[in-house]
Amino acid sequence: MADVLEPIAENLWTNEAEPALIGGRLPSGKIVFPYPSGDAAEGVEPWRLSRKGTLWSWTRQDFQPKEPFEGPEPFQPYLLGYVELPGEVIVETRIVDCVLGDLKLGMPMEFVVAPFDATRATYAFRPEKA
Amino acid sequence: MEDVYIIGAGIHPFGRTDGRSGRDQGVFAVRQAMADAGIEWTDVGCAYGGSAAAGSADIMVNELGLTGLPFINVANGCATGGSALASARNAIAAGEFDVALAVGFDKHPRGAFNAKPRDYGLPEWYGQTGMMLTTQFFALKIQRYMQLYGISRETLGRVAEKAFRNGVHADHAWRRSPVDLDTILNAPMVNDPLTKYMFCAPAEGAVALILASGKKVRELGADAVRIASVAVRTRPPGSFEVFAPSVDIDNGGKPTILASKAAFEQAGIGPEDISVAQLQDTESGAEIMHMAENGFCKDGDQEQWLREGRTEVTGKLPVNTDGGCLACGEPIGASGLRQVYENTVQLRGRGGGRQVPGTPKAAYSHVYGAPGLSGVCILER
Chain A
0 MADVLEPIAE NLWTNEAEPA LIGGRLPSGK IVFPYPSGDA AEGVEPWRLS RKGTLWSWTR
60 QDFQPKEPFE GPEPFQPYLL GYVELPGEVI VETRIVDCVL GDLKLGMPME FVVAPFDATR
120 ATYAFRPEKA
Chain B
0 MEDVYIIGAG IHPFGRTDGR SGRDQGVFAV RQAMADAGIE WTDVGCAYGG SAAAGSADIM
60 VNELGLTGLP FINVANGCAT GGSALASARN AIAAGEFDVA LAVGFDKHPR GAFNAKPRDY
120 GLPEWYGQTG MMLTTQFFAL KIQRYMQLYG ISRETLGRVA EKAFRNGVHA DHAWRRSPVD
180 LDTILNAPMV NDPLTKYMFC APAEGAVALI LASGKKVREL GADAVRIASV AVRTRPPGSF
240 EVFAPSVDID NGGKPTILAS KAAFEQAGIG PEDISVAQLQ DTESGAEIMH MAENGFCKDG
300 DQEQWLREGR TEVTGKLPVN TDGGCLACGE PIGASGLRQV YENTVQLRGR GGGRQVPGTP
360 KAAYSHVYGA PGLSGVCILE R
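Structure below.
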């Protein structure tokens, strides 16, 4: 199913067999996410971010956000958090393929493209499969 | 720098006041503050004020009087009140005026704030996918903190329980009934680990403070408290803030630490000298983390502090004596000034059922907000 879904935004992750988020490398060497837009992109090199990291923090969204949220109806609570990509940056992300009780600080996580609604996909991380 | 004093404090009750605009609540607070100070509008030399969602402050001259005074609109998000206070203080310290007004007010729609990605320079997908919510940020920050420093869910609950207990005794508070610990812990979850009773809600309200020079204080024989310091600081590199699609791996810097250090330095005192503190409690976890960020305890000590009741009105360091944001709600433009209002009440010994015992000498207030700024004010008697 995932291969027929449109990405929620262009240039958010790479279009390849094992996709990865696209960050930016500043002239100082610092890695940022997402890749900046407009004048802020000057001198910033696109940077393919690591597909693996560790869980930095997490929560569950239990109430339906107001707009600009565009999630499917009826609302289903979802997990989100931050994943630290070693030596790069800590990215905010949806978390999928697990429940709240599974999550532990520092656990290994891996990148995945996940369905967002009936027509679109977004990026997420999930606990790394052993 | 010449000493500057607060000689009048006014507040419009927080919560919901249908049929009265945010600015009219501001005018109400200004009139109360002037009556408290024993002055007239014609005595006010300059004014600073604003709101986040209820319009400009300078139009208040229509109601208060066309005296020709300079009235500067402040639009500084959660630091609107703190920036107005800092500016009013500086105007007097510079010797240009003897009396200045700082006013903040607001009126927000019900429910959580819904920020627009574009207003924060963020891509649309960040809002569309449901990651741009202030409540999530607070949950994510305390979740990590709880794991790192062993803070329990009970401790989060105790913070809220204390807030509602204190709010009972504050005329200006919105929530004025106690809520027991079990109810707080078992309430519907907003963002794990925070239940609905652990979050403050956007609200309405207004606060006005009249500031004066030492000369004016003597002239009026005013019941004055001295502003020992005011410091507003924005975020340093590597700080973890609301609306952040990513965080620097070299993280740990915090605007609150900067503002707190600057305020203590200016005042020439330390955390151990503070008798009462109002700390930003957007939710229970914020109060816990801000106890440490402001230098009052070490990371993790909050577990013991709350269990032993050290932050109760009768404790070693009373925190949020009027119930804070949890009991008062959060009208953004007024919230930081409410803390200074409450400290003025405490130092004057007018706190009634929530009065800190003994004679508090130094009072500390700390406001924090998006996109990563903190304002600290220390008052002394």
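In the order they appear, the protein sequences are chains A and B.
58 is the number that numbering that gives the first Met the number 0 gives to position 59 of the first sequence; each next residue is one higher, with no gaps.
322 is the number that numbering that gives the first Met the number 0 gives to position 323 of the second sequence; each next residue is one higher, with no gaps.
Just so it is clear, CB atoms sit at the ideal spot from N, CA and C, and this is done for glycine as well.
Three-way DSSP call (helix, strand, coil) for residue i in this model
i               : result
F68 of chain A  : coil
R306 of chain B : helix
S56 of chain A  : strand
Q381 of chain B : Residue numbering for chain B in the displayed model covers 0 to 380; residue 381 of chain B lies beyond these limits and cannot be assessed.
M0 of chain A   : Low local confidence applies: a pLDDT of 47 at M0 of chain A is under 50, so the model's placement there is unreliable, with the coordinate-based value given in what follows. M0 of chain A falls in the coil class under three-state DSSP.
I273 of chain B : coil
E17 of chain A  : coil
E311 of chain B : coil
G14 of chain B  : strand
V355 of chain B : coil
V98 of chain A  : coil
V26 of chain B  : helix
D179 of chain B : coil
P73 of chain A  : coil
D298 of chain B : coil
G37 of chain A  : helix
R19 of chain B  : coil
R117 of chain B : helix
Extent of the continuous alpha helix (DSSP H) run through residue i
i               : result
E292 of chain B : 283-292
I331 of chain B : 331-346
I141 of chain B : 133-148
C327 of chain B : 323-327
R164 of chain B : 152-166
Whole-number beta carbon distance between residue j and residue i, since they are thought to touch under 8 Å
i               : j               : result
I209 of chain B : A36 of chain B  : 4 Å
E286 of chain B : V318 of chain B : 7 Å
K315 of chain B : R306 of chain B : With a Cβ gap of about 13 Å, K315 of chain B and R306 of chain B do not count as contacting.
Y119 of chain B : T255 of chain B : Y119 of chain B to T255 of chain B, Cβ: 20 Å. No contact.
T58 of chain A  : L79 of chain A  : 6 Å
S364 of chain B : V339 of chain B : 5 Å
D31 of chain A  : V82 of chain A  : The identity of residue 31 of chain A in the sequence shown is Val, whereas the question assumes Asp. The pair is not a contact, with the Cβ atoms about 15 Å apart (cut-off 8 Å).
A51 of chain B  : G374 of chain B : About 14 Å; that fails the 8 Å criterion.
V229 of chain B : I91 of chain B  : Actually they do not touch by this definition, with Cβ atoms about 12 Å apart.
A369 of chain B : G76 of chain B  : 6 Å
A223 of chain B : V216 of chain B : 5 Å
P26 of chain A  : Y34 of chain A  : With 8 Å as the limit, P26 of chain A and Y34 of chain A do not qualify as a contact, their Cβ atoms being about 14 Å apart.
T233 of chain B : G357 of chain B : About 36 Å; that fails the 8 Å criterion.
A83 of chain B  : G110 of chain B : The pair is not a contact, with the Cβ atoms about 27 Å apart (cut-off 8 Å).
E147 of chain A : N190 of chain B : The requested residue 147 of chain A does not occur in the structure, where chain A is confined to residues 0 to 129.
G64 of chain B  : I38 of chain B  : The pair is not a contact, with the Cβ atoms about 12 Å apart (cut-off 8 Å).
F115 of chain A : F124 of chain A : Between F124 of chain A and F115 of chain A the Cβ distance is about 15 Å, and since that is not below 8 Å, they are no contact.
M197 of chain B : A159 of chain B : 5 Å
Range of the contiguous beta strand (DSSP E) that encloses residue i
i               : result
P254 of chain B : Premise fails: P254 of chain B lies in the alpha helix (DSSP H), 254-266, not in any beta strand (DSSP E).
A362 of chain B : 361-368
F124 of chain A : 119-126
G86 of chain A  : No beta strand (DSSP E) contains G86 of chain A, which DSSP labels as neither H nor E.
W124 of chain B : Not the beta strand (DSSP E): W124 of chain B falls in the alpha helix (DSSP H), residues 123-127.
L378 of chain B : 372-379
Per DSSP, the bridge partner or partners of residue i
i               : result
A8 of chain B   : B:L208
F110 of chain A : A:F124
G80 of chain A  : A:W57, A:T92
N10 of chain A  : N10 of chain A pairs with nothing; no bridge assigned.
T194 of chain B : B:M188
V46 of chain A  : Before going further, note that residue 46 of chain A is Trp rather than Val in the sequence given. In the DSSP output, where bridge partners are listed per residue, W46 of chain A has A:G22.
I30 of chain A  : A:R24
E5 of chain A   : A:R119
V318 of chain B : B:A276
V3 of chain B   : B:S212
K51 of chain A  : A:E109
For the stretch 202-247 of chain B, which segments carrying the beta strand (DSSP E) assignment without a break, of at least 3 residues, lie completely within its bounds, in sequence order?
Every unbroken stretch of the beta strand (DSSP E) spanning 3 or more residues and falling wholly within the stretch 202-247 of chain B is given here in chain order: 203-212, 224-233.
Any chance you could list the beta strand (DSSP E) runs of at least 3 consecutive residues sitting entirely within the stretch 31-112 of chain B, in chain order?
Correct list: 45-49, 70-72, 98-106.
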